[in-house]
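Input: a single structure, listed below in structure tokens.
2 protein chains.
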Amino acid sequence: MSVADLVTAAADGSPRAVARLISLVEDAAPELRSVMAALAPLSGRARIVGLTGSPGVGKSTTTAALVGAFRTRGLRVGVLAVDPSSPFSGGALLGDRVRMQDHALDPGVFIRSMASRGHLGGLSWATPQALRVLDAAGCEVVLVETVGVGQAEVEVASLADSTVVLLAPGMGDAIQAAKAGILEVADVFVVNKADRDGADNTVRDLRNMISQGDGPHGGWRPPIVKTVAARGEGIDDLVERLDEHWAWLASTGELARRRTARAAAEIEAIALTALRERLGDLHQGTALDTLAASVVAGETDPYAAADALVAGVTRI
Amino acid sequence: MSVADLVTAAADGSPRAVARLISLVEDAAPELRSVMAALAPLSGRARIVGLTGSPGVGKSTTTAALVGAFRTRGLRVGVLAVDPSSPFSGGALLGDRVRMQDHALDPGVFIRSMASRGHLGGLSWATPQALRVLDAAGCEVVLVETVGVGQAEVEVASLADSTVVLLAPGMGDAIQAAKAGILEVADVFVVNKADRDGADNTVRDLRNMISQGDGPHGGWRPPIVKTVAARGEGIDDLVERLDEHWAWLASTGELARRRTARAAAEIEAIALTALRERLGDLHQGTALDTLAASVVAGETDPYAAADALVAGVTRI
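Chains as they are written, first to last, in our numbering: chain A, 8 to 323; chain B, 8 to 323.
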């Protein structure tokens, strides 16, 4: 099936076409560029919600509950679970995750897990591309779930329109969150497992930290939602807060600002990679070796040699 | 004084001209490029010896003793002390270091300390440039002393023709050295403070590790020299081993190979920095913002936008 046919099938809701496109994107297949070009006119419609937090706070359960809530509204939902610690990628449908089983056979839900190929344990570079596939496939909401391992928490915020940071009572998470810069990226806080001892303490700690920070939220003060996701408690409240944030994003122009900044970062990263590869090509093409020999011989200096190398890059 | 006059004065042995040139290089002054161009024909003659090791092993004392030994032969000697932990840079002449005082007034010795501006605590990017200044000033030997803080140990090896790794008894250094990949970079090992308990154990541990490794030394097996640098003991032996390594470098073609690889890495780093700056210029020039807005609008995809950005870079 051609790329154009695949994209048409995906836009018509074919789970198989969606899976195939994400695989092409993940594998950085030769078709990657034509896939991205074909997706471009279809993208930008999905509302992207990131969920992050330490292992054990209940991210998958909360994600599954959110899928249910958005499905009740009749929205098509995509789920991208990025696991930086997993060596597995690609086909896994997460059907084995207890709560996600409810949705595994629902044709209005696309679920995909990705391993991280990212730098330093962060998100995979293919994550934004996979988001575009789900977006083009007509998902009105895409939930990106990522284990909060250091950098990934901050990175998920750079991908999402709204970022949900999950905590659980008694895990010292509030303090950790403050340390890790999570306060700056959270649009909504969830204290999950709120039926446990210490939930109110966690909420109070968070509230104190929020009131102290000013943060780059441009007037948005992140609300704190108590949930017991395993029993569906508080999920409606969470959806309501997310709706408020979405409305705020749209009314303030913050949505366009965030998405433009995100696209700029993505373009810049791709451009730098391309330039680096061109330098590498020149290296293999002996241009660099020749220049290095000239520097060693005292015939030129490293700056002039670098100029020549850059000129070589620009001539390719 | 013009750059050309400064370089002429430095080549004639003016300590003031040498100091001024290193400052220009360190400060990345606008004259940097013309300085580097003027130095090029004068460089490549100095023999560069790196010394590294943990704090407290006696690097400065050993360096000072080596300066004395090379001065006895009538050689002009440069010393570059790179301290990644120091916020100070520039003028400090290290005259306050006890052993170095002997040489502070010797017109045949240039001593300079540099703080690190390097990435992640490594060597300053200006270090290779400063080496070129000392080289052009007629130093026949340049000793580069760097505190062994992680990456710096490996980096000094990439700058030097011969790398000396210092250890002291009872510091667990041999094991640390093995962990840090020091075995791969050491051309000569020094067990300093060899009059202390445990020196023979350290030598034995090292010998075992050397015999197990094969290393990328192309036939050179790093010797182990016992010294008590504070009393000058073992320094003649160390100089002899360094002479043997120097002869080996020259006879095997390894010297040219190392220097060419070093120049290539330097050129590539400068070229990448230049390309990155050009991308930054485009960013400020709104080209990137415009492209990002097109991606958000679905008019183009990030790869095509990156192509446009790279094309923009190459047109500058």
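We put the CB at the ideal spot given by N, CA and C, even for glycine.
Note that the structure is a prediction, hence the values are computed from the model and not measured.
For this session: State buried or exposed for A:Ser96, treating a residue as buried only when at least 16 other CB atoms are found within 10 Å of its CB.
Result: Any answer about A:Ser96 is weak, because its pLDDT of 38 lies below 50 and its placement is not dependable; what the coordinates show is given next. Flag for A:Ser96 reads buried.
Problem set entry | First and last residue of the uninterrupted alpha helix (DSSP H) at A:Arg23 | Counting along the chain, the alpha helix (DSSP H) containing A:Arg23 begins and ends at Pro22 to Glu33.
Problem set entry | Per-residue burial, A:Arg238 [other beta carbons within 10 Å of its own, 16 or more giving buried] | Exposed.
Problem set entry | Option nearest A:Val303 by Cα separation, candidates B:Leu49, B:Pro37 and B:Ser21 | Of the candidates B:Leu49, B:Pro37 and B:Ser21, B:Leu49 places its Cα closest to the Cα of A:Val303.
Problem set entry | Residues near B:Ala294 in its chain [Cβ-Cβ closer than 6 Å; skip 5 each side] | Same-chain partners within the cutoff: Gly319.
Exercise. Can you tell me the Cα-Cα spacing of A:Leu13 and A:Ala24, whole angstroms?
Worked result: Roughly 5 Å separates the two Cα atoms.
Exercise. So is A:Arg40 in contact with chain B if we call contact Cβ pairs under 8 Å?
Worked result: Judged by the 8 Å Cβ criterion, A:Arg40 is in contact with chain B.
Problem set entry | Presumed contact (8 Å Cβ cut-off) between B:Ala175 and B:Gly63, rounded CB distance | The pair is a contact, with the Cβ atoms about 7 Å apart (cut-off 8 Å).
For this session: Determine whether the Cβ of B:Val303 lies closer than 8 Å to any Cβ atom of chain A.
Result: With 8 Å as the cut-off, B:Val303 counts as an interface residue toward chain A.
For this session: Compare the Cα-Cα distances from A:Val86 to each of A:Ala45, A:Gly60, A:Ala44 and A:Thr134 and report the closest residue.
Result: Nearest of A:Ala45, A:Gly60, A:Ala44 and A:Thr134 to A:Val86, Cα basis: A:Thr134.
Problem set entry | Rounded separation between B:Gly241 and A:Asp308 - CA only | For B:Gly241 and A:Asp308, the distance between alpha carbons rounds to 38 Å.
Exercise. Under the three-state reduction of DSSP, which class applies to B:Thr15: helix, strand or coil?
Worked result: In the three-state scheme derived from DSSP, where H, G and I count as helix and E and B as strand, B:Thr15 is classed as helix.
Exercise. So which residues of chain B does A:Arg266 contact, with C-beta pairs closer than 7 Å?
Worked result: Result: Val303.
Problem set entry | Nearest residue (CA-CA) to B:Thr69, options B:Ile274, B:Val198 and B:Asn215 | Taking B:Thr69 as reference, the option from B:Ile274, B:Val198 and B:Asn215 with the minimal CA-CA separation is B:Val198.
Exercise. So what does B:Lys233 bridge to, in DSSP terms?
Worked result: In DSSP, B:Lys233 forms a bridge with B:Val198.
Exercise. Are there 16 or more other CB atoms within 10 angstroms of the CB of A:Leu112, so buried, or fewer, so exposed?
Worked result: Residue burial is scored here from C-beta neighbours: A:Leu112 has fewer than 16 other C-beta atoms within 10 angstroms and is therefore classed as exposed.
Exercise. On the three-pair Cβ rule with 8 Å, is the stretch 270-288 of chain A touching the stretch 247-261 of chain B?
Worked result: Counting Cβ pairs under 8 Å, fewer than three are found: no touch.
For this session: Could you tell me whether the Cβ atoms of B:Ala281 and A:Val317 are closer together than 8 Å?
Result: With respect to A:Val317, B:Ala281 sits close: the two C-beta atoms are nearer than 8 Å.
For this session: Give a yes or no on whether 8 Å exceeds the smallest Cβ distance from A:Ser2 to chain B.
Result: For chain A, the structure presents residues 8 to 323; residue 2 of chain A sits outside this window and is missing.
For this session: Give the DSSP bridge partners of A:Ile55, in chain order.
Result: According to DSSP, which records beta bridges pairwise, A:Ile55 is partnered with A:Val149.
For this session: Return the residue from the list B:Thr234, B:Ile231, B:Gly226 and B:Arg283 that minimises the CA-CA distance to B:Leu256.
Result: Nearest of B:Thr234, B:Ile231, B:Gly226 and B:Arg283 to B:Leu256, Cα basis: B:Gly226.
Problem set entry | Cβ pair count under 8 Å reaching 3, the stretch 205-220 of chain B against the stretch 69-81 of chain B | No: fewer than three Cβ pairs fall under 8 Å.
For this session: Please name the residue, chosen from A:Ala300, A:Glu306, A:Arg214 and A:Ala236, that lies closest to A:Pro230 on a Cα-to-Cα basis.
Result: Check the Cα spacing between A:Pro230 and each of A:Ala300, A:Glu306, A:Arg214 and A:Ala236: the tightest is with A:Arg214.
Exercise. For chain B, is any of its Cβ atoms less than 8 Å away from the one on A:Leu307?
Worked result: According to the sequence provided, residue 307 of chain A is Thr. The question's Leu does not apply to it. Yes, A:Thr307 lies at the interface with chain B (some Cβ there is under 8 Å from its Cβ).
Exercise. Does B:Ala167 have its Cβ less than 8 Å from a Cβ in chain A?
Worked result: Using a Cβ-Cβ cut-off of 8 Å, B:Ala167 does not count as an interface residue toward chain A, since no Cβ of chain A sits closer than that to its own.
For this session: Using a cut-off of 9 Å between C-beta atoms, extract the partners of A:Ser298 located in chain B.
Result: Reading off the sequence shown, one finds Leu at residue 298 of chain A, where the question assumed Ser. Chain B residues near A:Leu298: Ala270, Ala271 and Ile274.
Problem set entry | Bridge partners - A:Glu240, DSSP secondary structure assignment | In the DSSP output, where bridge partners are listed per residue, A:Glu240 has A:Val235.
Exercise. Closer than 8 Å, CB to CB, is A:Arg27 near chain B or not?
Worked result: No, no contact with chain B.
Exercise. To the nearest angstrom, how far is it from the Cα of A:Glu38 to the Cα of A:Leu31?
Worked result: Distance from the CA atom of A:Glu38 to the CA atom of A:Leu31, rounded to whole angstroms, is 7 Å.
Exercise. Within 10 angstroms of its Cβ, does B:Asp204 collect 16 or more other Cβ (buried), or is it exposed?
Worked result: Sixteen is the threshold: since fewer than 16 other Cβ atoms of the shown chains lie within 10 Å of the Cβ of B:Asp204, the residue is exposed.
Exercise. Can you tell me whether A:Ala299 is buried or exposed, with buried defined as 16 or more other CB within 10 angstroms of its CB?
Worked result: So A:Ala299 ends up on the buried side.
For this session: Locate the alpha helix (DSSP H) running through A:Leu298, then write down its first and last residues.
Result: That run of the alpha helix (DSSP H) goes Ala294 to Val303.
For this session: Please list the partners that B:Ile242 has in chain C, where partner means a Cβ-to-Cβ separation under 7 Å.
Result: No chain C appears in this structure, whose protein chains are A and B.
For this session: Report the neighbours of B:Met43 on chain A: residues whose CB is nearer than 9 Å to its CB, in chain order.
Result: Simply Asp308, Pro309, Tyr310 and Ala311.
Exercise. With 16 other CB atoms within 10 Å as the buried threshold, where does A:Ala71 fall?
Worked result: With 16 or more Cβ atoms within 10 Å of its Cβ, A:Ala71 is classed as buried.
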